[in-house]
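Report on the following structure.
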Amino acid sequence: MRLTTLLSLMAAFSLHAADRPDVLFIAVDDLNDWTSHLGGHPQARTPNIDRLVARGTSFTNTQCAAPACNPSRAALMSGMRPWQTGIYTNGDPAQGVLKDTLTLNRHFLASGYNCQGGGKIYHGGGSEGRKDTWTKWMDRFPSIPEKEQNYNGLKSGHFDWGPVDAKPDDMGDHKLTTWAVEQLQNAPADQPLFLAVGYVKPHLPWYVPREYFDRFPLDTIQLPHVLEGDLADVPPAGVSMAKPQGDHAAVIQGGQWAKAVQAYLATVSFLDDQVGRLLDGLDASPRKDKTLIVWWTDHGWHLGEKEHWRKFALWEEATRTDFAIVAPGIGKPGQKCAAPVDYLSVYPTLCALTGLPVPAHVKGPSLLPLLKDPAAPWPHLSVCTHGRGNHAVRDTRWRHIRYADGS
């Protein structure tokens with residue numbers, strides 16, 4: 000659906016806008032399943048993320064549409080897969096490609112919502128905060144420190160980690176949370192609110208205040224379980240994605256594996272504190288009882304599993320995400336759903352929950368049946384795409400990977 004439909008949508012839905020629920024739309028960058036409720040790492044401590052998820056439905060078998068920031072976010076926000084948009088990598092110009100598409104935020108804006116956003120929702124900067132796509136947009140706050148420091152000695156740009164001598168409220172995501180709470184408390188009460196909050200951490204570099212590192216003493220850190228020779232049965236196309244002689248070799252040779260795990264856990268713990276502040280702000284606001292919450296991470300992250308680091312692969316660690324929906328009055332709080340879902344379902348599900356029409360270009364299945372009953376029939380598989388022609392298909396038990404060369 001193109002932007003020529005915006006005015007007609009506004010006219011059709013503005014009369015009923017005040018009756019629609021608010022939406023708190025929380026995006027997180029580079030968070031894998033290392034949260035307490037998903038159990039991806041035994042030392043993860045995320046009480047506030049767990050508190051959020053316990054209010055609604057956790058989709059424990061969710062796969063991103065693509066294991067990279069740009070194509071994953073573009074797919075979720077447009078409701079279209081990478082092969083439909085042509086957005087496969089972080090370097091593809093998503094803003095230009097999607098400029099005439101009725102993206103999720105544009106749809107809510109056109110339907111009478113006060114559509115506010117801040118932090119990282121789409122990948123990159125540029126036109127993300129254009130006035131025709133948001134009612135109000137808050138650019139990202141600066142990181143602390145603003146430049147890479149090479150704390151780990153690997154000399155690999157932002158692939159770096161270490162504690163910083165700063166206070167939590169100096170950090171960009173802390174400032175973003177403060178801004179978001181202000182919007183929850185002060186946005187006009189006579190208009191429904193769509194508030195998108197895009198957290199940057201735990202994206203690299205893993206620089207957070209020292210107090211978060213102290214929560215995970217280095218001598219107690221447990222490394223991820225890695226099978227010896229785990230790449231032996233992987234075809235060359237998969238080994239090429241893993242790049243075992245790159246990041247993994249550098250981390251091992253530099254004696255940084257435990258420090259990296261410590262830094263990631265610390266950064267996730269910092270994020271968790273911000274989620275707690277955001278939830279407290281929501282609970283103290285007049286919008287508490289009428290707010291839908293969508294909690295999503297753009298993809299997973301490897302920390303040495305399959306001799307791989309970062310995302311950019313089609314294995315579970317790179318594609319599994321932390322995803323939950325809190326829909327007051329629908330389903331039971333704290334329920335879990337193991338059906339294979341992916342992010343092409345977010346757009347139509349939000350339409351179903353708010354009473355908005357589903358644009359013609361959005362083809363993903365709504366999750367509403369699973370919100371009502373996590374064991375409801377679900378005749379769908381999840382699909383994740385990395386680059387042209389490389390796909391992973393997931394069901395409740397298995398993952399099938401097909402590379403572009405046919406292997």
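Taking numbering that gives the first Met the number 0, I'd label the letters of the sequence shown as residues 0 to 406. For every residue, glycine included, the Cβ atom is placed at its ideal position computed from N, Cα and C.
{"Asked": "Suppose the cutoff is 7 Å on Cβ atoms and the five residues either side in sequence are ignored; what does the same chain contact list for residue 368 look like?", "Found": "375"}
{"Asked": "Buried or exposed for residue 251, going by 16 or more other Cβ atoms inside 10 Å?", "Found": "exposed"}
{"Asked": "Determine whether the beta carbon atoms of residue 324 and residue 102 lie at a separation below 8 Å.", "Found": "no"}
{"Asked": "Can you check whether the CB of residue 113 is closer than 8 Å to the CB of residue 190?", "Found": "yes"}
{"Asked": "Looking at the secondary structure, which residues open and close the alpha helix (DSSP H) in which residue 71 lies?", "Found": "68-77"}
{"Asked": "In the DSSP assignment, the alpha helix (DSSP H) including residue 346 goes from what residue to what residue?", "Found": "345-353"}
{"Asked": "I need the straight-line Cα distance from residue 72 to residue 98, nearest angstrom please.", "Found": "14 Å"}
{"Asked": "Which complete beta strand (DSSP E) runs does the segment 231-308 hold, if anything under 3 residues is left out?", "Found": "290-296"}
{"Asked": "Of all the options 331, 370, 329, which has the alpha carbon lying nearest to the alpha carbon of residue 344?", "Found": "370"}
{"Asked": "Roughly how many angstroms lie between the CA atoms of residue 29 and residue 109, to the nearest whole one?", "Found": "30 Å"}
{"Asked": "Expressed to the nearest angstrom, what Euclidean distance is found between the alpha-carbon atoms of residue 245 and residue 258?", "Found": "18 Å"}
{"Asked": "Here's a check: name, in chain order, each residue in its chain whose Cβ is nearer than 6 Å to the Cβ of residue 120, leaving out the five neighbours to either side.", "Found": "26, 195, 197"}
{"Asked": "Under a three-way DSSP split, which group does residue 109 fall into?", "Found": "helix"}
{"Asked": "Are residue 304 and residue 225 touching if we call contact CB-CB under 8 Å?", "Found": "yes"}
{"Asked": "Just the C-alpha distance for residue 125 and residue 227, rounded to the nearest angstrom, thanks.", "Found": "Residue placement at residue 125 is poorly supported in this model, since its pLDDT is 48, which falls under 50; the coordinates still yield a value, given next. Approximately 44 Å, taken between the alpha carbons."}
{"Asked": "Contact check, residue 318 vs residue 62 under 8 Å by CB: the rounded distance?", "Found": "5 Å"}
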